[in-house]
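Trainee:
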């Protein structure tokens, strides 16, 4: 349902006035109620200090007094306090010496829970103590205990006064009624005034709104009639000037914007194509050289190993070593093929892969190497399998690259922590090292091809670029951060087996 501008102004002004009046009256009500409560407390303290010596004088150690006249005089004296409900005399050790009857004005009050209350802590305070209780049947009671001291300064007994808040509450209710009447009259007056103001302001604002909507629709010839020389009239004339300037500039601005946008898109497309071509050409050239220089000797080794395996007996203990050589040669050829695939993507062989086993095997194959001999591994890899859907060779290549990078950063000495766990449908691998780390500004740049933070000649700048490409092929993510070990933290997230379809 649409609410007009005048009604919104009326509701806004009226609501604001109501809130201000409510806040003012609430503050006044609380202040007045607190003042009366404070007055009752102060009067009750003064009354207790006056009445306690008088009670001791009238009782003279007899509880209750022996003479009825003393009792009558005592009740007449205490009856001057019309808020007094009951009083009690209690010894220093907590024994009740005397409980008065409830005064007639409060005969319907149920004070049993208060009378049976444990007062030992308050009696030991050695000073006047105050508590406010709420009764089950309604109303509040001020519980005041005044100690009485003997000539030697020792506490002889205490007098407990139960004083009603009924007089204060009655005054508060009366004031609230007056406040409600005054507030209602003020609200009605303010609503009438707000209605007049809203009607005066709404008409030119509605015309301004209609004119702005017309401009939004492209009707640049729209003009509105100014109302007087006040702020709304100035705004109307400024609106008309703006519409005139827009009408004069629209065609020129549209033509220039179209030309600029077309040139920008063309430049962006050409720049992207050029940059991609340069990168792929460089990577392809490097990959071709690497393939030529590595595949040939590896192929020779692989061929001789296969021939040697054929010549060996099945039970020959050297067969296992020869098979290991053949497997590693084939893996080397797959890695060089993967490097070529960075520029010329090939189809991966995706299957169920146990990431825990793959990581443990990768670490086991690297530990005998000289670079890893003095590195301490801290493994938080679980025993139970964590399955992902991926290409085992490519994932192994990612793990090997990351571990070699960490070892090179440690210069062969330090700590590497491996943590593998699952979070929200992802397998998360965290590799921390205690090396020098890299600058935060380089956390994204190191994934660019040929960008390296190592010294010249110590790296090609392709390792992390290949890692990111392979991880993205598995619908995963890789990111860098500072490690609590002091070096670099690499976090790899891969979807668990069965989750990759939902991600697609």
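Numbering (the numbering used here), first residue to last: 18 to 521. We put the beta carbon where it would ideally sit given N, CA and C, even for glycine.
Mapping DSSP to helix, strand and coil, what is residue 399?
Mentor: It is coil, neither helix nor strand.
Trainee: Using the beta-carbon count (16 or more within 10 Å), is residue 24 buried or exposed?
Mentor: Answer is exposed; the Cβ neighbour count stays below 16.
Trainee: DSSP on residue 281, reduced to helix/strand/coil?
Mentor: Note: residue 281 maps to helix in three-state DSSP.
Trainee: Note down, one range per segment and in chain order, each beta strand (DSSP E) of at least 3 residues found wholly within the segment 110-142.
Mentor: With a minimum length of 3 residues, the continuous beta strand (DSSP E) runs that stay inside the segment 110-142 are 113-116.
Trainee: One question on the structure: do residue 488 and residue 497 come within less than 8 Å of each other, judged by their Cβ atoms?
Mentor: Not closer than 8 Å, so no.
Trainee: Taking contact to mean at least 3 C-beta pairs separated by less than 8 Å, is the segment 122-133 in contact with the segment 152-159?
Mentor: Yes: the two stretches touch, three or more of their Cβ pairs being nearer than 8 Å.
Trainee: List the whole-angstrom C-beta distance separating residue 99 from residue 107, where the pair is believed to meet the contact cut-off of C-beta under 8 Å.
Mentor: Contact flag wrong, Cβ pair sits at about 24 Å.
Trainee: Are the CB atoms of residue 370 and residue 409 nearer to each other than 8 Å?
Mentor: Yes. Within cutoff.
Trainee: I'd like to confirm the pairing. Which residues does DSSP put opposite residue 166 in its beta bridges?
Mentor: For residue 166, which the question treats as bridged, DSSP gives the partners 172.
Trainee: Among 187, 400, 143 and 234, which residue has its Cα nearest to the Cα of residue 8?
Mentor: There is simply no residue 8 to check, as the chain begins at 18 and stops at 521 in what is shown.
Trainee: Does DSSP put residue 239 in a helix, a strand or coil?
Mentor: It is coil, neither helix nor strand.
Trainee: What are the boundary residues of the beta strand (DSSP E) that residue 460 is part of?
Mentor: Neither: residue 460 is in no beta strand (DSSP E) and is coded neither H nor E.
Trainee: Could you spell out the range, first to last residue, of the beta strand (DSSP E) harbouring residue 449?
Mentor: Counting along the chain, the beta strand (DSSP E) containing residue 449 begins and ends at 443-450.
Trainee: Suppose contacts are defined by Cβ-Cβ distances below 8 Å. Is residue 451 in contact with residue 427 by that definition?
Mentor: In contact: residue 451 and residue 427 (Cβ atoms closer than 8 Å).
Trainee: Rounded to the nearest angstrom, what separates residue 143 and residue 164 at their Cα positions?
Mentor: Those two C-alpha atoms are separated by around 6 Å.
Trainee: Run through DSSP, which three-state label would residue 520 get?
Mentor: The pLDDT assigned to residue 520 is 49, lower than 50, so where the model puts this residue is not dependable, and the model offers no usable value.
Trainee: Cα-Cα, which of 403, 232 and 422 is closest to residue 389?
Mentor: Out of 403, 232 and 422, 422 has the C-alpha closest to the C-alpha of residue 389.
Trainee: Touch check for the segment 200-207 and the segment 131-151: three-plus C-beta pairs under 8 Å?
Mentor: Output reads no: the segment 131-151 does not touch the segment 200-207.
Trainee: Look up residue 92 in the DSSP assignment and say whether it is helix, strand or coil.
Mentor: In this structure, residue 92 counts as helix in the three-state DSSP scheme.
Trainee: Tell me which residue opens and which closes the beta strand (DSSP E) that residue 406 is part of.
Mentor: Looking at the DSSP string, the run of the beta strand (DSSP E) that includes residue 406 is 404-407.
Trainee: How long is the line joining the alpha carbons of residue 367 and residue 406, rounded to whole angstroms?
Mentor: The straight-line gap from Cα to Cα measures roughly 6 Å.
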